[in-house]
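Q: Okay, here's the structure, questions in a sec.
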């Protein structure tokens with residue numbers, strides 16, 4: 010495994026970031042089985058900032074300093090929306106992250122987080138949305154028969 014290559018590559022190791030980009034801004038009217046599909050904002054322009062890296066075991070990880078640097082750079086680049094779909098099992102210390110997200114909000118940037126896929130029992134949440142300057146977004150299946 011060439012770890013040095015991962016540090017230099019903008020590629021996403023498992024395709025998650027690429028999928029999220031397509032859901033956000035995929036081309037309009039792409040033929041799919043049973044119809045056509047497009048991203049939510051097919052005319053949007055994307056700016057991608059890599060924060061996940063691969064370790065020697067082939068697992069991916071994100072360092073808090075890389076996330077903060079990416080948020081700060083996105084704000085400096087003039088983006089309108091920052092969408093973070095980071096997930097994970099080890100919560101980060103939120104103090105420094107929150108400063109970066111607050112600064113993004115003060116610059117007029119909308120910040121959204123994915124709530125995650127590991128949903129705990131009904132009535133609980135996986136990611137607290139305790140700050141008024143970002144939005145946590147999630148989905149749930151409808152009960153059968155609804």
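In our numbering, the protein residues as written are 10 to 155.
The C-beta atom is built at its ideal place from N, Cα and C for all residues, glycine as well.
(1) Which residues does DSSP list as the beta-bridge partners of residue 44?
(2) Should the region 66-84 be called in touch with the region 39-49, which here means at least 3 C-beta pairs below 8 Å?
(3) Determine the direct distance from the alpha carbon of residue 92 to that of residue 143, and round the result to whole angstroms.
(4) Here's the rule: buried if 16 or more other CB atoms are within 10 angstroms of the residue's CB, otherwise exposed. What is residue 148?
(5) Let me know the secondary structure DSSP gives residue 30 once reduced to three states.
(6) Could you tell me which of 116, 68, 118, 88 sits nearest to residue 21, measuring between CA atoms?
(7) Taking all protein chains shown into account, do 16 or more other C-beta atoms lie within 10 angstroms of the C-beta of residue 133, making it buried, or fewer, making it exposed?
(8) If we define contact as Cβ-Cβ less than 8 Å, is residue 46 a contact residue for chain B?
A: Inspection of the coordinates gives the following:
(1) The sequence position of residue 44 within the chain shown is 35, counting from 1. Paired residue(s): 41.
(2) no
(3) Translated into the one-based positions of the chain shown, residue 143 becomes position 134. Translated into the one-based positions of the chain shown, residue 92 becomes position 83. About 10 Å.
(4) Here residue 148 is taken as the residue at index 139 of the chain shown, counted from 1. Classification for residue 148: exposed.
(5) Here the question's residue 30 lines up with position 21 in the chain shown. Residue 30: helix per DSSP, three-state reduction.
(6) One-based indexing of the chain shown puts residue 21 at position 12. The candidate whose alpha carbon is nearest that of residue 21 is 68.
(7) Taking the chain shown and counting its residues from 1, one reaches residue 133 at position 124. The pLDDT assigned to residue 133 is 47, lower than 50, so where the model puts this residue is not dependable; a value taken from the coordinates is nonetheless given after this. Residue burial is scored here from C-beta neighbours: residue 133 has fewer than 16 other C-beta atoms within 10 angstroms and is therefore classed as exposed.
(8) Although the question refers to chain B, the structure presented lacks it and comprises just one protein chain.
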